[in-house]
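I have placed the structure first, in the form of structure tokens, so that the comments after it can refer back to it.
Residue numbers (our numbering): 6 to 417.
Below is the structure:
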């Protein structure tokens, strides 16, 4: 069948091939209704987007302000990041994980992990290349592949015991995909602790993952955005595994650990060829981050890390408060093992509604915004995600409102 020509002139963003091929943005309707209700003066408790409400620690802000006053820092920066920041990231890996990386060839600064992942896929993938993405997943893990013209092969994430993913089941799925999918997968994306499921990687998982990837000639990308947000066991780094840097990279972000979400600072660390590919493509696309932000980020990495532990404790207490409130309201919700989210199955009586309609119900009847699980991939359906971006008292209020709705609204 002959493809129909695109309309001229274009009348919609969907008239452009890459945009038209993207799946529908399932959060759009909820976001629009949320804004309408806020504009109407309603008290909406927004637990949808994982947008940290905690301010950046003062010593980091002071470093930014000091250098922002100097005109020499107002010029274009380097797209790969200033050396001092790349060196600071290398020092962080050495201090935290006992891993030695070369700041010149094995670290590139990104404008947040999201930008870095998207541009890495553009650098690594050809049209039609297959990428294995476990699901549910942070949306950019899927969309970055589609933007680059690749194909996504989804694998379900299955919970094991004690907040860990069933790593053996996941890697068995990877092996099966490598045997049966055509064209053969080129790359595997992992992310632990996981957003949205909050699952951690069990001990020994990354050693097995590296072995599976080497055997099947898979490159490996690990999104480590919640590196500092394990509430029990400390999340392991992929790069601590011998041989991992021969096949993979890891993304780290300043957004959550240092409450610097709006500053947009991230890193891609690991395999020199993959880091070099991202560095080269970025050299065509951006001039880097405002230099005082980079200087402040390097200071954050080198200064005392008490602020990171304090932030983690805030989210742990918030998780406990929300879970306790929802459980008391008659909604049995599991306590997260990590991250800044609570991920829960929809109450049984409401499951047939689906996650989008259930999220709309909570907004309409309780004034509480949650993220529908379907937005994180098909395997997320039947769940919702709460972002822990309000104080404990406000989370308790959200749970109370939701409990009242669940008690009075007939499902359907």
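Backbone N, C-alpha and C fix where the C-beta goes; we use that ideal spot for every residue, glycine too. Being a predicted model, the structure only gives us computed values, none of them experimental.
Inclusion of residue 386 and residue 162 in the CB contact set at 8 Å is not warranted, their separation being larger than that value. Under the three-state reduction of DSSP, residue 246 is assigned to coil, being neither helix nor strand. Per DSSP, reduced to three states, the secondary structure at residue 145 is helical. Ranked by how close their Cα comes to the Cα of residue 182, the residues 206, 223, 200 and 150 have 223 in first place. The alpha carbon of residue 150 has as its nearest neighbour, out of 172, 126 and 165, the alpha carbon of 126.
By DSSP's assignment, residue 164 forms a beta bridge with 170.
Looking at the DSSP output, residue 159 bridges to 138. Distance check between residue 186 and each of 158, 204, 201 and 177 places 158 closest, using alpha-carbon atoms only.
For residue 349, the secondary structure class from DSSP, reduced to helix, strand or coil, is strand.
Inclusion of residue 206 and residue 241 in the CB contact set at 8 Å is warranted, their separation being smaller than that value. Secondary-structure assignment with DSSP links residue 334 through no beta bridge to anything. The beta carbon of residue 313 lies closer than 8 Å to those of 233, 262 and 263 in the same chain, with the five residues before and after it left out. Distance from the CA of residue 337 to the CA of residue 235, rounded to the nearest whole angstrom, comes to 22 Å.
Boundaries of the beta strand (DSSP E) around residue 392: 388 to 392. In chain order, 42, 47, 48, 49, 50 and 406 place their CB closer than 8 Å to the CB of residue 372, counting only its own chain and leaving out the 5 sequence neighbours on each side. As for any beta strand (DSSP E) of minimum length 3 sitting wholly inside the stretch 64 to 143, the runs are 112 to 115 and 135 to 140, ordered along the chain. Within the DSSP secondary-structure output, residue 343 pairs in a beta bridge with 235. Pairing residue 271 with residue 117 gives a Cβ-Cβ distance under 8 Å. Residue 205 is bridged by DSSP to 169. If you ignore the 5 residues before and after residue 283, its C-beta comes within less than 7 Å of the C-beta of 113, 121, 124, 125, 128 and 273, all in its own chain and listed in chain order. The alpha-carbon separation between residue 83 and residue 295 amounts to approximately 9 Å.
Between residue 103 and residue 130, the C-beta spacing is not below 8 Å. Ranked by how close their Cα comes to the Cα of residue 69, the residues 34, 216, 303 and 15 have 303 in first place.
The beta carbon of residue 361 sits closer than 7 Å to the beta carbons of 31, 377 and 379 from its chain, once the five residues preceding and following it are set aside; these are given in chain order. Close CB contacts of residue 391 within its chain, under the 7 Å cut and outside five residues either way in sequence, are with 52, 327, 346, 347 and 375 (chain order).
In this chain, residue 218 is not harboured by any beta strand (DSSP E); it is covered by the alpha helix (DSSP H) spanning 210 to 220.
In this structure residue 110 does not touch residue 191 by the C-beta definition: roughly 22 Å separates them, more than the 8 Å allowed. Its Cα nearest to that of residue 285, the residue 115 stands out among 329, 115, 249 and 20.
Residue 311 sits in a helix when the DSSP states are folded into three classes. Counting along the chain, residue 59 sits inside no alpha helix (DSSP H), nor does DSSP assign it H or E at all.
Rounded to whole angstroms, the separation of the alpha carbons of residue 245 and residue 258 is 18 Å. Residue 274 sits in a strand when the DSSP states are folded into three classes.
For residue 291, the secondary structure class from DSSP, reduced to helix, strand or coil, is coil. For residue 194, the enclosing beta strand (DSSP E) stretches over residues 192 to 195. Bridge partners of residue 376 according to DSSP: 390. Look at residue 395 here: in three-state DSSP terms it is coil, with no helix or strand label.
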